[in-house]
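Chemist: Under the numbering used here, the first residue of the sequence shown is numbered 2, with each subsequent residue one higher.
Glycine residues also receive a C-beta, built at the ideal position from the N, C-alpha and C atoms.
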Amino acid sequence: AIDAVGNVYVADGGNHRIVQWLVNAQQGRIIAGTGVAGISNTQLNYPVQLKFDIHHNLYVVDQNNNRIQRFDLQYNGC
2 AIDAVGNVYV ADGGNHRIVQ WLVNAQQGRI IAGTGVAGIS NTQLNYPVQL KFDIHHNLYV
62 VDQNNNRIQR FDLQYNGC
């Protein structure tokens with residue numbers, strides 16, 4: 002997914018995380034997930050799809066947890 006300012010967000014399913022790549026960045030940073038599969042609100046288990054809404058919330062299809070997680074990126078400072 003790409004946000005309103007051109008940052009790129011990648012669902013790294015095998016590593017159970019979401020990685021943000023800022024415009025012109027040399028490397029990404031983890032903004033969601035811990036790198037270990039889990040069921041808590043801070044963990045993901047094979048994220049597969051991302052979508053932004055008009056309020057800059059990032060929705061993540063957390064496939065193996067059978068849920069959709071919402072992350073408020075403005076609130077989280079991302």
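1. Where does A33 land, buried or exposed, given buried means 16+ other C-beta within 10 angstroms?
2. Starting from the Cα of H17, find the closest Cα among T43, I55, V9 and give me that residue.
3. Near L23, which residues of its chain fall below 6 Å by C-beta distance, leaving aside the five closest residues on each side in sequence?
4. If you measure between the beta carbons of H57 and D4, is that distance less than 8 Å?
Modeler: Reading it off the structure:
1. Within the sequence shown, the letter at position 32 stands for residue 33. Counting Cβ neighbours within 10 Å, A33 comes out buried, since at least 16 surround it.
2. Translated into positions along the sequence shown, residue 17 becomes position 16. Closest option to H17, Cα to Cα, is T43.
3. Position 22 of the sequence shown, counting from 1, holds the residue named residue 23. So the list reads N8, once near-sequence residues are dropped.
4. Position 56 of the sequence shown, counted from the first residue, corresponds to residue 57. Position 3 of the sequence shown, counted from the first residue, corresponds to residue 4. For H57 and D4, yes; Cβs fall inside 8 Å.
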